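Notes follow the structure.
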Amino acid sequence: MTLLVHTFVRGRSGRPHLLDDPPDGSDMAGFESCRTDLWGSRRVRELGARFLPELASYDLYVEPEDVEEFLAECELLRPHAAALDAHCGYREGYVAERLANITAAARRAQDVGGGVLVW
């Protein structure tokens, strides 16, 4: 299975409504195993991440009021992408590509006052 990233807005009922995916297929946040092997790993936690490690236990909903802090977390991890590739056994550039997709979704969320779902 694949871990996906989407932008959402909440409707009047409070339920999230997913916005259209980008046409280039940049909704990939990793393999399902990335929940624990990458985003939920001890190494990512040690780098200071608090949102992405939640994926080890459940789907991640970043609410609109937290998107800016979530973007900061993505930027915090970006300089460590190559080291995370090596640490987790992924090909070179894998983590940077996933972070770019997640960051792009978060920026789209900011533009519409929405949130980010990684699932």
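Residue 1 is where the sequence shown starts when you use our numbering, and the numbers rise one by one after that. From the three backbone atoms N, C-alpha and C, an ideal C-beta is built for every residue, glycine too. Bear in mind the structure is a predicted one, so any value in this text is a computation, not a measurement.
Per-residue DSSP class, three states only, for residue i
i: Ala49; result: coil
i: Pro16; result: strand
Residue i - containing beta strand (DSSP E), residue span
i: His6; result: Thr2 to Arg10
i: Leu117; result: Gly115 to Val118
i: Ala56; result: From DSSP, Ala56 is part of no beta strand (DSSP E); its letter is neither H nor E.
i: Gly30; result: Met28 to Phe31
Beta-carbon proximity of residue i to residue j, cut-off 8 angstroms
i: Ala105; j: Val116; result: yes
i: Val5; j: Ile102; result: yes
i: Val118; j: Leu18; result: no
i: Ala56; j: Gly40; result: yes
Residue i, enclosing alpha helix (DSSP H) - first and last residue
i: Asp37; result: Looking at the DSSP string, Asp37 is not in any alpha helix (DSSP H), and its letter there is neither H nor E.
Exercise. Say whether the stretch 67-82 touches the stretch 31-38, bearing in mind that this needs 3 or more beta-carbon pairs closer than 8 angstroms, one atom from each stretch.
Key: no
Exercise. Evaluate contact between the stretch 40-55 and the stretch 74-89, counting only Cβ atoms and requiring at least three cross-stretch pairs below 8 angstroms.
Key: A contact exists between the stretch 40-55 and the stretch 74-89.
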